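Enquirer: Residue numbering for the sequence shown follows this note's numbering, starting at 9 and increasing by one per position.
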Amino acid sequence: MANYLRYALAMFCFAASVACLALWWRSGLFYQELQLPTVRPGIETHGNAFAGMLNLFASEDDSLMTWHYTSHLMPQRAALKLADPYEGRVFGLTKTGGTYWAFLPLWYPALIFALAGVGVIRFRRQFSIRSASICVSVVALLLGMVVAL
Numbered sequence: 009m010a011n012y013l014r015y016a017l018a019m020f021c022f023a024a025s026v027a028c029l030a031l032w033w034r035s036g037l038f039y040q041e042l043q044l045p046t047v048r049p050g051i052e053t054h055g056n057a058f059a060g061m062l063n064l065f066a067s068e069d070d071s072l073m074t075w076h077y078t079s080h081l082m083p084q085r086a087a088l089k090l091a092d093p094y095e096g097r098v099f100g101l102t103k104t105g106g107t108y109w110a111f112l113p114l115w116y117p118a119l120i121f122a123l124a125g126v127g128v129i130r131f132r133r134q135f136s137i138r139s140a141s142i143c144v145s146v147v148a149l150l151l152g153m154v155v156a157l
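#1: Indicate whether the contact test is met: 3 or more Cβ pairs, each with one atom in the segment 54-62 and one in the segment 15-22, closer than 8 Å.
#2: Look up T107 in the DSSP assignment and give the residues it is bridged to.
#3: How long is the line joining the alpha carbons of E41 and R138, rounded to whole angstroms?
#4: Excluding five sequence neighbours on each side, which residues of the same chain lie with their C-beta closer than 6 Å to the C-beta of G55?
#5: Which residues mark the beginning and the end of the alpha helix (DSSP H) in which G60 is found?
#6: May I have the straight-line CA-CA distance separating T104 from R130, to the nearest angstrom?
#7: What's the C-alpha gap between L119 and W33?
#8: DSSP three-state call for P49: helix, strand or coil?
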C-alpha cells in the first residue's frame, strides 16, 4: 500500500513539473493572467506568466473581486513595452507603493517538482555516499541559481 502512495505522489510531482515546463514554454508566446479574490476585503491578487517568469502581486483594490483569466498572443513590440516594469526583477520579493511583488522563473518550480518526484521514488532505498554527493550538488546548484539571478 505504501508503494502505491509513493508512486502516486511521484507521478503527481512529475505531472506538476511537466505542467510548469509547458507553462514556461507557452509564456514566451502568450501573456497569461489570473486574478483571484481573497478572503480579506480590499485585497486583490494577480498572477501572470510572461517571458519565462511567474509574477505574483497583491494590491489594494476594491474594483473587481471575482475569478478572471486572460490569455492573448504577445507580439514582440508589446512584449518589449510590457517588460519595462519587470526590468531587473528576476527573483525575489519587492514592495512598490501598496503592491507586493514576487518574481520567480518558471523553470525553478519545474526543477523542484522533478527533484521531489525522484526523491519520493528513491525514499526507503539504500543511502550511499554517492546519493549524498548528488543531493549536495543539487542543493548547491539551486542556491547558485538564486544567487546568480
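All C-beta atoms, glycine included, are put in the ideal place defined by N, C-alpha and C. Computed from a predicted model, the values in this text were never measured in an experiment.
Expert: Reading off the structure:
#1: no
#2: T104
#3: 43 Å
#4: L42 and L64
#5: That residue, G60, is in no alpha helix (DSSP H); it is neither H nor E in DSSP.
#6: 43 Å
#7: 14 Å
#8: coil
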